[in-house]
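Beneath this line is the structure, given in structure tokens, with notes to follow.
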Amino acid sequence: MDRRSFVKGSAGIVGGLSLGGLAGAQDQGVVRIGSDIPYKPFEYRTQSGDLTGFDVDLAEAIFAGQMDRDYEFVQTGFDTIIPSLNNGNFRIIMSAMTINDQRDQQVDFSEPYFIAYQTVAILQGSDVQSVEDLKGKTVAVQKGTTGEAAAQQLKEQFGGDLNIDSYDQIPGAFNALLNNQAVAVINDNAVNLQYADERDSIVMLEGEGQAAQEFENAPPYLTLTVERYGIAFREDDDEFRQQVNEALNAVIGSGQYAEIYKEYFTGEPPQAILSRARPAPGTTTANGTAGNATDTTTNGG
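Letter by letter, the sequence shown follows residues 1 to 301 of the UniProt record's numbering.
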């Protein structure tokens with residue numbers, strides 16, 4: 001079977017299994033991965049319909065490469081993705097999901113595999129030149145995301161003087177921006193940068209922010225938060241989570257993580273991720289396999 005198979009509307013396949021029976025059935029079976037698609041560059045389909053993206057390639061390296069397991073992605077809405085995981089519709093979540101306290105009460109996370117920032121995308125020539133200029137305006141976000149949470153925090157700072165329009169998927173938020181239904185999109189930096197790269201009419205709001213407080217080489221655009229992505233597991237799946245953590249760190253140690261990162265993002269991977277590298281079985285840092293990753297300099301992420 002194709003390890004990168006894309007399953008649509010497949011929740012009913014496991015709907016009749018209890019969680020205990022499901023866990024046993026999944027121990028050696030296909031690893032089902034819940035993900036909100038599209039969310040370019042993390043998970044999206046090409047014009048030919050193939051599923052690709054940073055999370056998809058990382059899943060290939062972890063499950064097929066390190067664990068010799070088949071896997072499949074299951075499309076699901078982000079605002080319901082954690083309940084769907086806990087209902088047994090899939091084994092894990094890989095969907096550019098930020099680790100935070102609220103989610104940690106419902107699921108367990110892997111070690112972080114990506115560092116992201118909440119940022120503000122605006123139209124070229126916009127009157128919005130600082131975060132304060134958003135006061136009294138409408139911003140667009142995706143439901144259930146930390147972008148929506150960051151917008152809510154801004155609303156509190158503005159004494160309630162901010163309109164927030166939430167969309168099921170991120171393309172809806174950017175369509176609102178392009179159609180002048182919102183003055184900004186608040187969302188993860190990698191996704192905002194992707195839209196800015198593809199459309200001359202979209203730019204990043206400049207300014208300093210949280211990243212400048214944590215990293216010496218912060219990006220040139222405004223950062224509202226610093227966040228870390230993790231793979232989410234049900235709270236009763238500790239053994240599998242440990243296995244995936246080991247495989248993830250082996251991918252980092254082999255240098256493959258850096259290769260995947262550079263395929264989708266500019267600059268070098270964050271040193272905070274690379275410093276966790278452990279060599280894959282049969283390799284050592286002495287033979288250069290893992291050393292190529294750990295010697296890489298950071299770009300401030």
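Just so you know, even glycine gets a beta-carbon here, dropped at the ideal spot from N, CA and C.
Within 10 angstroms of the Cβ of residue i, are there 16 or more other Cβ atoms? Answer buried if so, exposed if not.
i    : result
D127 : exposed
Q75  : buried
T98  : buried
G53  : buried
Q66  : buried
K262 : exposed
T145 : buried
G147 : buried
D238 : exposed
G160 : exposed
Heavy atom of the ligand ZN less than 7 angstroms from the Cβ of residue i, yes or no?
i    : result
F114 : Among the components of this structure there are no ligands whatsoever, and the ligand ZN is therefore not found.
Who are the near neighbours of residue i in its chain, counting only those whose CB is closer than 8 angstroms to its CB and skipping five residues on each side?
i    : result
Q210 : Y117, T223, L224, T225 and V226
E132 : none
L134 : V120, V128, L154, F158, L162, V183 and A184
G21  : Only weak support is given to the placement of G21: the predicted model assigns it a pLDDT of 39, under 50, and the value that follows is read from those uncertain coordinates. The answer is none, since no qualifying residue turns up.
S84  : A11, G34, T76 and F90
Between which two residues does the alpha helix (DSSP H) holding residue i run?
i    : result
N86  : I81 to N86
I273 : Q271 to L274
G147 : T146 to Q157
Q135 : The amino acid occupying residue 135 in the given sequence is Lys; Gln does not appear at that position. Unbroken run through K135: none, as it is neither H nor E.
E263 : Q256 to Y264
Three-state secondary structure (DSSP) at residue i?
i           : result
D188        : strand
V107        : coil
Q102        : helix
Q75         : strand
I231        : coil
F114        : strand
L224        : coil
T52         : strand
residue 316 : The question about residue 316 has no answer here: the residues shown for the chain are numbered 1 through 301.
V30         : coil
A212        : helix
A121        : strand
A64         : helix
G253        : helix
Please return the same chain residues whose Cβ sits closer than 6 angstroms to the Cβ of residue i, not counting the five positions on each side in sequence.
i    : result
E111 : N245
V56  : E43
D200 : none
Q106 : I82
G230 : I99, F109, S110 and P112
R228 : I99, P112 and I115
L205 : V120, I122 and L222
Considering only DSSP beta bridges, list what residue i is partnered with.
i    : result
S166 : V141
E43  : Y39
I92  : I33 and F233
For residue i and chain D, any beta-carbon pair shorter than 8 angstroms?
i    : result
E235 : Going by chain labels, chain D is absent from the structure shown, which holds only one protein chain.
Between which two residues does the beta strand (DSSP E) containing residue i stretch?
i    : result
I202 : I202 to M204
Starting from the C-beta of residue i, find all residues in its chain whose C-beta is less than 7 angstroms away, skip the five residues before and the five after it, and write them out in chain order.
i    : result
V30  : D70, Y71 and E72
F240 : F233
R32  : E72, V74, F90 and R91
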